[in-house]
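See below for the structure under consideration.
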Amino acid sequence: MNATDALIGVSRLLLDTNSVVSVLEREANAPLVWAVFHAALSQRVQLVVSPLTLIEILSKPGLSEAELRRRSEFCLGTQEIEFKPIIFDDAFAKRVAFHRRRASPQKVPDCIQYASAEWLDCDAILSNDRRFVLQSPVRAILTEDIDL
């Protein structure tokens, strides 16, 4: 499917860490992520980055100060991408645990992303991980399903 069709019914799209990393590190699938970004902007879909994604992209060992700045600006200094803080309280922790129990093969960071998407009123999550399976009202848009 094309990126425009993938975003039908989506008003807020959470960017999973791996989709952001693929753009920042110019990985082979970066054009697919860019296609979704461009389609989202043309359809007025709000792109959202969670605190977990920000932590993960800034904590890669060996990053130079310039690269840290570039990564930070991508998530925090871009008008098209909204960074939304989350209060990691007991209600949020219980939601993460709920997803972990339901989606047993999923790792805790994936479950944090599920809960973040729900908490931040996102309709979908953009991910490069084909194992990313959602069992919630939030749907997964996988880059491997996007045609250029």
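Residue numbering for the sequence shown follows numbering that gives the first Met the number 0, starting at 0 and increasing by one per position. Backbone N, C-alpha and C fix where the C-beta goes; we use that ideal spot for every residue, glycine too.
*According to the Cβ coordinates, are V35 and S21 closer than 8 Å?*
Residue 35 sits at position 36 when you count from the first residue of the sequence shown. Residue 21 sits at position 22 when you count from the first residue of the sequence shown. Contact flag unset, no.
Handout entry: One or two residues paired with I140 in a DSSP bridge
Key = Translated into the one-based positions of the sequence shown, residue 140 becomes position 141. I140 is bridged to L125.
For this session: Return the CA-CA distance between A39 and S115, expressed in angstroms with no decimal places.
Result: In the sequence shown, counting from the first residue as 1, residue 39 sits at position 40. In the sequence shown, counting from the first residue as 1, residue 115 sits at position 116. Straight-line Cα distance between these residues: approximately 19 Å.
With a CB to CB cut of under 7 Å and the five nearest residues on each side skipped, what residues in its chain are close to L57? By one-based count along the sequence shown, residue 57 stands at place 58. The answer, listed in chain order, is L67, R70 and S71.
Next on the checklist: Let me confirm a value: A139 is counted as buried when at least 16 other C-beta atoms fall within 10 Å, else exposed. Which label applies?
Outcome noted: Counted from its first residue, the sequence shown places residue 139 at position 140. The residue in question, A139, is buried, as its Cβ has 16 or more Cβ neighbours within 10 Å.
Meets three-Cβ-pair contact criterion under 8 Å: the segment 108-125 and the segment 45-55: yes
- Message: Judging by CA-CA distance, which residue of V44, E26 and D15 is the nearest neighbour of T3?
- Response: The sequence position of residue 3 within the sequence shown is 4, counting from 1. Here the closest residue by C-alpha is V44.
Practice prompt. Assign A90 to buried or exposed, taking buried as 16 or more other Cβ atoms, counted over all protein chains shown, within 10 Å of its Cβ.
Written response: The count along the sequence shown starts at 1 and reaches residue 90 at position 91. Under this definition A90 is an exposed residue.
Inset, instruction - Would you list, in sequence order, the uninterrupted alpha helix (DSSP H) runs of no fewer than 4 residues that lie entirely inside the segment 33-70? - result: 50-57
(message) So, for R94: in the same chain, excluding its five sequence neighbours on each side, which residues have a beta-carbon less than 6 Å away from its beta-carbon?
(response) Residue mapping note: residue 94 aligns to position 95 of the sequence shown, counting from 1. So the qualifying residues of the chain are A114.
**Q.** Straight-line gap, Q78 to G61 (C-alpha atoms, nearest Å)
**A.** Against the sequence shown, residue 78 aligns to sequence position 79. Against the sequence shown, residue 61 aligns to sequence position 62. About 28 Å.
Which first and last residues belong to the alpha helix (DSSP H) in which F91 is found?
Taking the sequence shown and counting its residues from 1, one reaches residue 91 at position 92. Run containing F91: D89 to R101, per the alpha helix (DSSP H) assignment.
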